[in-house]
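Student: First the structure, which I've put down as structure tokens, then a few questions once you've had a look.
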Amino acid sequence: MDYKPPPGPPPGYNAYAPPQGPPPSKQNQQQEQPPPYHDWTVIPDTALLPPPPTLSYDSSPTANASLEDGDRAYAWCKANPLWAPRPLTPAQYAAIQNGQLNLMRPPERGFIGDLLPQRTPGHWKGRTHANCRDSCVLTMLPVYSALHDNSLNSRRPKTIYFELKVLGIGRESRSRSFEEADAGIAIGFAAPPYPTWRMPGWQRGSLAVHGDDGRRYVNDTFGGIDFTSAFQPGETVGIGMRFGVPSKPPGYSQQGAPTLDIEVFFTRNGKDVGGWDLHEQLDERIEGGTIGLEGECDIFAAVGVFGGVDFEVFFGERDWLYRPER
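The opening position of the sequence shown corresponds to residue 1 in the UniProt record's numbering, with each subsequent residue numbered one higher.
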């Protein structure tokens, strides 16, 4: 029996072949991808930015130098750039490490007073007359040597520190406050050369805490920044700087140049009572910023005085009330 094919053409012979790919509606759905996530890596890391500026003043509430002295100091600094680091002999560096430092009398006639070495090396007494003008007393050797102590080279932290005791204020040390005696004292650091007829902290390459108004000054010829209370007779105050290997990548304004981590700290009667990051944003009026204090220059201990003050200075750790971390 013969098999008969079914009527009509074979299946699919005249059928329409669908085009390749999904239907148009589904094809459009596949092409419309969701928007990409925002590239968070282009957002600046605010941790790299300097701390925000703190409020600075135009003048001090207690004592201010004349504009003429300020202009003269500005011109002097322009004419006398900061010195390059200088080598030290082994004996000099050993003396610095042992706190065997000497104070140098300011050469200007405005300094009226005495600097008296005591029996223990690194221990000094000072007394100034009521007519003593603004003066900066510096050590003869640096407390920080850029060639020996720079953490970028040694990869080790470095701390510098010294203390000052206020013995008396005013005539016969009878005044109860610096404001009452029209006198003042400051403790800080300065990179050379420094105009020694100016208080430390007022010009480039210097910082200080001033005892008459309790403010801190960093290359600040204006009124400083609120920091602590005025020093009192009988108090011992100390100031230090901690230099450390950079812990963060270079900031935006540094253009790849490595910068040390530097903290300034302040003590009263043997207790750490505060400090600040040297790299905090300064007043835009301050020309030069923290130049000279970044570890690139030698740094000297500095004591500022005006009016009648009796004081002691201690450079040896054995005499300190505070023991800084090394």
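Positions of the beta carbon are idealized from the N, C-alpha and C atoms, including for glycine.
Going by beta-carbon coordinates alone, are PRO246 and THR259 separated by less than 8 Å?
Tutor: Taking 8 Å as the Cβ cut-off, PRO246 and THR259 qualify as a contacting pair.
Student: Taking 8 Å as the cut-off, does the segment 117-132 touch the segment 308-322 (at least 3 CB pairs, one atom from each stretch)?
Tutor: In short, these stretches touch, since the Cβ pair count reaches three.
Student: For the beta strand (DSSP E) containing GLU325, list its first residue and its last residue.
Tutor: Counting along the chain, GLU325 falls outside any beta strand (DSSP E), and DSSP gives it neither H nor E.
Student: Would you call THR89 buried or exposed, if buried means 16 or more other Cβ atoms sit within 10 Å of its Cβ?
Tutor: Exposed, because fewer than 16 other Cβ atoms sit within 10 Å of the Cβ of THR89.
Student: Give me the Cβ distance between GLY292 and GLY205, rounded to the nearest whole Å; I'm assuming they're in contact under 8 Å.
Tutor: With a Cβ gap of about 3 Å, GLY292 and GLY205 count as contacting.
Student: ASP277: buried (16+ other C-beta within 10 angstroms of its C-beta) or exposed?
Tutor: By the 10 Å Cβ count, ASP277 comes out exposed.
Student: Please report how far the alpha carbon of PRO142 lies from the alpha carbon of VAL309, in whole angstroms.
Tutor: Rounded to the nearest angstrom, the two C-alpha atoms are 24 Å apart.
Student: Within the same chain, show all residues whose beta-carbon is closer than 6 Å to that of HIS38, passing over the 5 residues directly before and after it, in chain order.
Tutor: Reliability fails at HIS38, whose pLDDT of 46 lies under 50, so the model's placement of it is uncertain and no value is given.
Student: DSSP three-state label for PRO207, please.
Tutor: According to the sequence provided, residue 207 is Leu. The question's Pro does not apply to it. Note: LEU207 maps to strand in three-state DSSP.
Student: Please state if the CB of LEU138 and the CB of TYR74 are separated by a distance shorter than 8 Å.
Tutor: Contact flag unset, no.
Student: Can you check which of these residues, ILE160, CYS132, GLU180 and GLU179, is closest to THR196 by C-alpha distance?
Tutor: Measuring from the Cα of THR196, the nearest candidate turns out to be CYS132.
Student: Could you tell me the distance, in whole angstroms, from the CA atom of residue 347 to the CA atom of GLU280?
Tutor: There is no way to answer for residue 347, as the model of the chain reaches only from 1 to 326.
Student: If you draw a straight line from the alpha carbon of ALA65 to that of TRP202, how long is it in whole angstroms?
Tutor: Going from the Cα of ALA65 to the Cα of TRP202 covers about 10 Å.
Student: From ALA181 to LEU147, what distance separates their C-alpha atoms?
Tutor: Using only the alpha carbons, I get a separation of about 42 Å.
Student: What does DSSP give as the partner residue(s) for CYS136 in the beta ladder?
Tutor: Note: CYS136 sits in a beta bridge opposite GLY304.
Student: What residues in its chain sit with their C-beta under 6 Å from that of THR41, if we drop five residues either side in the sequence?
Tutor: Legend: pLDDT at THR41 = 48, less than 50; position of this residue unreliable, no value from coordinates given.
Student: DSSP puts TRP276 in a beta bridge; with which residues?
Tutor: DSSP lists VAL264 as partners of TRP276.
Student: Taking C-alpha atoms, which residue in MET104, LEU82 and SER151 lies nearest to GLY304?
Tutor: Checking every option, the nearest Cα to that of GLY304 belongs to MET104.
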